[in-house]
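Each residue of the sequence shown is one higher than the one before, counting from 1 in UniProt numbering.
Glycine is no exception: its CB is placed at the ideal position from the N, C-alpha and C atoms.
Remember, it's a predicted structure, so these values are computed and weren't measured experimentally.
Have a look at the structure below before the remarks.
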Amino acid sequence: MIKFSRPLIFLLIIVLALLCYFVPFKPISILAALLLAIIAIWLIAEKKYPGFSNKVFKNFTKTTLTLNNNTFEISTPTADVIVKRATDEPFALLDGEEIPLTEDISIERDSKNLKYITLYLPRELDKIKLSLVAGNLDLSLASARLIEAQSVSGNVKLLDIAANEITTKSVSGDVSLYNASCDKLTAYSTSGDCEIKRSKAQSIKAGSISGDIELLSDFNSCDLSTTSGDIDITTEDKGFSLTLQSTTGDWTVFGRSGKGQYKEDGREGYSIKASSLSGSINVIRR
């Protein structure tokens with residue numbers, strides 16, 4: 001967004017007013033008068049409608065990167081973000097030009113029509129937090145105690161990552177995790193699908209309103225829910241306690257099928273909970 005300080009605006013108004021009054025050449029006087037009118041309209045609109053400038057310069061996006069206290073955070077409105085583990089530099093940002101960062105730092109960049117950002121991070125961080133408004137997010141080969149990744153209208157994809165806790169969210173995009181290792185895993189998408197494959201976790205929780213959920217991983221307990229989508233669970237038969245609920249859909253458990261609710265007692269600490277209002281639920285032996 002273009003920013004003008006108040007002293008600069010007042011100085012510009014004075015200069016234009018003097019041009020209108022003292023310059024006898026009419027085209028210059030007319031141009032100065034027009035600029036004065038535009039500035040006046042701009043100031044009135046900004047006062048009456050806060051954020052007016054942001055809407056006018058909506059093609060300019062601000063990207064904020066922060067690396068401090070062993071925590072990495074990124075927030076950007078409209079760009080796709082790709083995060084990878086670095087091999088040489090501890091930290092680097094590439095979006096047309098390379099800027100190596102080795103100290104604790106925060107960066108704000110104004111860019112017009114920013115398409116994508118590629119980041120290379122240190123091999124290990126305490127926290128990784130990634131947040132986008134409109135863009136796809138890819139995170140691979142990352143290790144941290146806590147990993148959070150979310151996008152409002154883009155897809156979120158995590159590949160070959162390890163953490164104590166992983167949380168992924170999207171409103172209208174898909175959420176995908178491949179070869180993730182953690183104690184606690186949470187994945188949610190409002191209208192997109194959730195896919196968790198070749199991963200390992202103590203507990204997995206996933207949800208969607210209108211999307212499908214596919215789970216092909218090693219876990220001790222899972223809690224999956226969707227309103228109108230299907231749920232597919234492929235796992236080893238560890239003697240799970242099962243609680244399945246499909247209001248209008250079917251359920252299938254290791255070859256057995258039925259409708260409505262299904263319950264089965266199993267080993268302590270091993271459980272599968274799945275519910276869908278109108279979709280089907282399938283538990284398949286791997």
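Practice task
Over the uninterrupted beta strand (DSSP E) stretch that includes D126, give me the two end residues.
Solution key: On the sequence shown, residue 126 is found 126 positions in, with the first residue counted as 1. Run containing D126: 125-132, per the beta strand (DSSP E) assignment.
Practice task
Measure the C-alpha to C-alpha separation of L94 and I166 and round it to an integer number of angstroms.
Solution key: Along the sequence shown, read from residue 1 onward, the residue named residue 94 stands at position 94. Along the sequence shown, read from residue 1 onward, the residue named residue 166 stands at position 166. Note that L94 has pLDDT 44, beneath the 50 cutoff, so the model's placement of it is unreliable and the number below is only indicative. Cα to Cα, the separation comes out at about 25 Å.
Problem - Three or more C-beta pairs below 8 Å linking the region 149-156 and the region 123-132 - result: Cβ pair count under 8 Å is three or more, so yes.
Practice task
Give the range of the beta strand (DSSP E) segment to which S241 is assigned.
Solution key: The residue labelled residue 241 in the question sits at position 241 within the sequence shown. Unbroken beta strand (DSSP E) run through S241: 241-253.
Exercise for the section: Pick helix, strand or coil for L277, following the three-state DSSP scheme. Expected result: Sequence index remark: in the sequence shown, residue 277 carries index 277 (1-based). L277: coil per DSSP, three-state reduction.
Exercise for the section: Starting from the Cα of R145, find the closest Cα among S176, A206, K169, L185 and give me that residue. Expected result: For the purposes of this step, residue 145 is taken as residue 145 along the sequence shown, with counting starting at 1. The option with the nearest alpha carbon to R145 is L185.
Practice task
Take T190 as the anchor and find which of I196, I204, T168 has the nearest alpha-carbon.
Solution key: The residue given as residue 190 occupies position 190 in the sequence shown. Ranked by Cα distance from T190, the options I196, I204, T168 are led by T168.
Problem - Contact between the region 262-278 and the region 215-232 (3+ Cβ pairs under 8 Å) - result: Contact check between the region 262-278 and the region 215-232: three or more CB pairs, one atom from each, fall below 8 Å, which counts as touching.
Practice task
Starting from the C-beta of E236, find all residues in its chain whose C-beta is less than 8 Å away, skip the five residues before and the five after it, and write them out in chain order.
Solution key: Along the sequence shown, one-based indexing puts residue 236 at 236. Correct list, in chain order: D218, R285, R286.
Exercise for the section: Could you check what DSSP says for I38 in three-state terms: helix, strand or coil? Expected result: Numbered from 1 along the sequence shown, position 38 holds the residue referred to as residue 38. Helix at I38.
Exercise for the section: Please work out which residues of its chain come closer than 6 Å, Cβ to Cβ, to S241, disregarding the five sequence neighbours upstream and downstream, and give them in chain order. Expected result: Position 241 of the sequence shown holds residue 241. Around S241, the same chain offers D265, G266, S271 as residues with beta carbons nearer than 6 Å, after the five sequence neighbours per side are excluded.
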